[in-house]
Every structure is written in C-alpha cells, then in structure tokens.
Amino acid sequence: DTGVSQDPRHKITKRGQNVTFRCDPISEHNRLYWYRQTLGQGPEFLTYFQNEAQLEKSRLLSDRFSAERPKGSFSTLEIQRTEQGDSAMYLCASSRVLTANYGYTFGSGTRLTVV
Amino acid sequence: AQTVTQSQPEMSVQEAETVTLSCTYDTSENNYYLFWYKQPPSRQMILVIRQEAYKQQNATENRFSVNFQKAAKSFSLKISDSQLGDTAMYFCAFCQSDYKLSFGAGTTVTVRA
C-alpha cells in the first residue's frame with residue numbers, strides 16, 4: 001500500500017493555458033474523489049468516480065474542467081483555459097465503496113498557481 | 001444540502017494542555033458519519049477520529065476524543081495533553097449514505113512550547 005499519489009506536486013501556469021493533473025489511488029480502492037481547496041478553507045467536492053464511471057459532478061466543475069478515470073485505476077483532472085481563480089490545491093482521495101464511511105485516504109495534493 | 005460549520009478560525013494552546021474545537025452540522029437524515037481530519041502544514045490530510053451517528057458512545061483515539069450531541073447536531077473534538085506535532089489545520093467533515101464528504105472551513109491549531 002503506497003498511498004494515494006498525485007503528480008505534479010506544484011504547477012505554475014500562465015492564464016489561458018491548459019493543465020492536467022494525475023492521481024493514482026490505492027490499488028484496491030474503487031472510489032476516487034477530487035476536491036479543491038483554496039487557502040485557509042476546507043476542501044470542496046468536485047467529482048467522484050466508482051471504478052471508471054463518473055457518478056457525480058459538482059456545480060463548481062465548470063465546462064473548462066474535465067475528469068477521467070479510463071480504466072478504473074488512475075484519474076486525470078484537466079483544466080482548460082486556466083483563470084486566476086483556478087489557483088488552489090487540488091486534492092485526490094480514494095476509498096473502497098463498502099468502507100467509504102470509514103473515511104478516505106488523501107493524496108498530498110497538487111498546488112496550482114495561475115499567473 | 002449538508003453544511004458543516006466550524007466557528008473558530010484559530011485556536012492556540014500551551015503544550016500539554018487541552019483544547020476543544022467546535023463543529024456543528026445540518027442534516028435531515030438520521031444515519032450519517034462524522035469525522036475530524038488533520039492537515040499539517042504542507043502535508044496531506046489524515047483521519048483523526050470517526051463517529052457513527054447511530055452510536056451514542058463518543059469515539060476516542062488516544063489523546064483525541066469527541067463530544068457528539070446528535071440532537072444539537074454538534075460534534076466537538078478535544079485534544080488532550082497537546083503536543084507540538086498537533087499543530088495543524090483541523091477539519092470537521094460529514095457524510096451520509098452517498099459517502100461523499102462535506103468539510104467545514106477548518107480551525108488552525110497552534111501548540112505553543
């Protein structure tokens with residue numbers, strides 16, 4: 001069990017550029033969650049997957065955001081035409097379906113800075 | 001929609017003393033789960049303690065304990081014998097049968113030597 005891995009740890013990009021983040025969950029976890037956390041605030045839910053199916057998307061996830069989990073393993077979160085308001089920590093977490101009520105395992109996050 | 005409120009943005013405590021963090025939540029459901037997560041500076045979020053709403057007994061994990069008041073929808077965290085390593089941001093979180101966590105805004109705890 002190597003935990004939840006996120007790559008990159010930090011990303012600085014110019015406004016208008018596209019960025020993609022990757023999350024590798026714990027291998028036997030079939031649920032994967034994406035959250036966004038701005039400075040000094042709690043994480044806000046963005047979307048989650050059960051295996052490869054995206055089951056829910058938050059209203060926070062505008063058309064510029066897309067997430068995939070093509071084979072039910074790793075997931076990517078892409079932000080197109082980045083804006084300064086996208087600057088935040090993007091957190092990935094995973095769990096088993098049947099033990100999700102025991103909490104998630106979080107990754108270390110990807111900190112995005114849009115300049 | 002569920003909401004989680006943490007009314008204390010910052011708390012400071014002397015090493016070895018006790019600090020209590022407050023959390024209230026809003027739900028119309030009867031069955032749900034409550035959590036406290038710790039996020040140290042620049043490090044990943046880790047689960048501190050968990051409470052099932054149908055259990056009346058308050059959860060305890062070593063120096064961490066909760067006071068769960070279901071009728072009042074209150075879920076406070078007590079850190080006893082505070083240690084320097086307890087310095088972190090603490091988040092109260094809530095989920096129901098969809099197992100989707102909703103978080104409060106967090107409380108920054110600073111333990112002073």
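Same order as they appear, the protein sequences are chains C and Z. So that you can map any letter, position 50 of the first sequence is 50 in the numbering used here, and since no number is skipped, the others follow by simple counting. So that you can map any letter, position 75 of the second sequence is 75 in the numbering used here, and since no number is skipped, the others follow by simple counting. All residues carry an ideal CB built from backbone N, CA and C; glycine is no exception. Since this is a predicted model, take the numbers as computed values, not measurements.
Within chain C, no residue has its CB atom less than 9 Å from the CB of G85 of chain Z, the nearest being about 18 Å off. Here the C-alpha atom of K100 of chain Z lies approximately 12 Å from the C-alpha atom of P43 of chain C.
Bounds of the beta strand (DSSP E) holding L55 of chain C are 53-57. It is roughly 8 Å from the alpha-carbon of R63 of chain Z to the alpha-carbon of S82 of chain Z.
A distance below 7 Å between beta-carbons, with the five flanking residues on each side excluded, links S12 of chain Z to the following residues of its chain, in chain order: T110, R112.
Distance from the CA atom of Q96 of chain Z to the CA atom of Y33 of chain Z, rounded to whole angstroms, is 6 Å. Where L77 of chain C is concerned, the enclosing beta strand (DSSP E) starts and stops at 75-79.
Chain-order list of chain C residues neighbouring Y25 of chain Z: empty, with the shortest C-beta distance near 12 Å, by a criterion of under 9 Å. Short of 6 Å from the beta carbon of T20 of chain C, and not among the five residues preceding or following it, lie these beta carbons of its own chain, in chain order: T76, E78.
Interface annotation, N101 of chain C: in contact with chain Z, CB-CB separation under 7 Å.
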